[in-house]
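A short worksheet on the structure shown next.
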Amino acid sequence: MRYAVVGLAYSHPYTYTQILQRTGHTITQVWDDDPERLAEFSRKFGVPAVPDLAEIPAAEIDGVICTHRLPERIDQAAMFLEKGVPTYTSKPAATSLDQLEKITSTVRRTGTPWLSTSVLRYAPAVLGLKAYLDRGRAGTLIQVRGTSCHFISHYMEEPGIWQDDPNRGGGSIINMGIHALEMLSVLVGPRVRRVWCHAGKRFHTESLSEDAAVIGL
């Protein structure tokens, strides 16, 4: 299959490209608004770099991997969905209900497939625990807790500050908490009735958002 990569704001498109090329798929074009980063990716993987998203031919690809910054990637994803290109967007899918509605309304109207997820949802340990819980052997599940640990020092300097900025990328809870929430959502499904969160700063006092949080479902 043939995929285009739109945006290199995460490490994920590098990993995805390695896996796809190794398994016989083709990355046809790559775009990013950082010329140096774009050129480096193009050299490393042998993928043609395009300076303009309009140069990615929607009719000639099977899907697009949209891993640019938020909030810009919302409009970029919607553009490809409008063209009928199956679209993957990095998580978090959105940082506001308005952003999410823009994506989901486009999907409903066009019928174009869209996916946003963390690979942790498919981790064997998570799926094994879900199967165990589904058999009812653990009794009644009344509360779940997940721990997500990750350094955020790269959020404190460019080009990563957008992830720490609540008005742009949502902040650390949105960007890092999603890893734990993704797994917990698999285990509990639609049964969540109450959500609470307490956040603060313990190490990176210069953070625009937070560097520690506890979330309960």
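Quick note: the sequence shown, position 141, residue 140 per numbering that gives the first Met the number 0, numbers continuous. We put the CB at the ideal spot given by N, CA and C, even for glycine.
Cβ of residue i within 8 Å of Cβ of residue j?
{"i": "Ile177", "j": "Ala198", "result": "no"}
{"i": "Glu181", "j": "Leu119", "result": "yes"}
{"i": "Arg68", "j": "Gly6", "result": "yes"}
{"i": "Thr66", "j": "Val4", "result": "yes"}
{"i": "Gly170", "j": "Glu209", "result": "yes"}
{"i": "Gly145", "j": "Leu183", "result": "yes"}
{"i": "Pro85", "j": "Pro112", "result": "yes"}
For residue i and residue j, I'd like the C-alpha separation in whole angstroms.
{"i": "Ile55", "j": "Gly135", "result": "49 Å"}
{"i": "Ala90", "j": "Thr139", "result": "A quick correction: the sequence has Lys, not Ala, at residue 90. Whole-angstrom Cα-Cα distance: 30 Å."}
{"i": "Phe79", "j": "Ala137", "result": "44 Å"}
{"i": "Ser115", "j": "Ala92", "result": "6 Å"}
{"i": "Asp33", "j": "Ala212", "result": "32 Å"}
{"i": "Val187", "j": "Gln75", "result": "32 Å"}
{"i": "Lys101", "j": "Thr94", "result": "12 Å"}
{"i": "Ser48", "j": "Asp164", "result": "One detail in the question is off: residue 48 reads as Ala in this sequence, not Ser. If I take the Cα positions, the gap works out to 29 Å."}
{"i": "Gln20", "j": "Ile26", "result": "7 Å"}
{"i": "Leu216", "j": "Arg193", "result": "6 Å"}
Where does residue i sit, in a helix, a strand or coil, going by DSSP?
{"i": "His197", "result": "strand"}
{"i": "Arg120", "result": "helix"}
{"i": "Arg1", "result": "strand"}
{"i": "Val49", "result": "coil"}
{"i": "Ile55", "result": "coil"}
{"i": "Val185", "result": "helix"}
With 16 other CB atoms within 10 Å as the buried threshold, where does residue i fall?
{"i": "Met0", "result": "exposed"}
{"i": "Gly110", "result": "exposed"}
{"i": "Thr88", "result": "buried"}
{"i": "Gln61", "result": "At residue 61 the sequence reads Asp, which differs from the Gln that was named. Counting Cβ neighbours within 10 Å, Asp61 comes out exposed, since fewer than 16 surround it."}
Report, in whole angstroms, the separation of the C-beta atoms of residue i and residue j, which I expect to be a contact under 8 Å.
{"i": "Val125", "j": "Val185", "result": "6 Å"}
{"i": "Pro12", "j": "Ile73", "result": "At roughly 17 Å, the Cβ-Cβ gap does not stay under 8 Å, so Pro12 and Ile73 are not in contact."}
{"i": "Ala57", "j": "Gly83", "result": "7 Å"}
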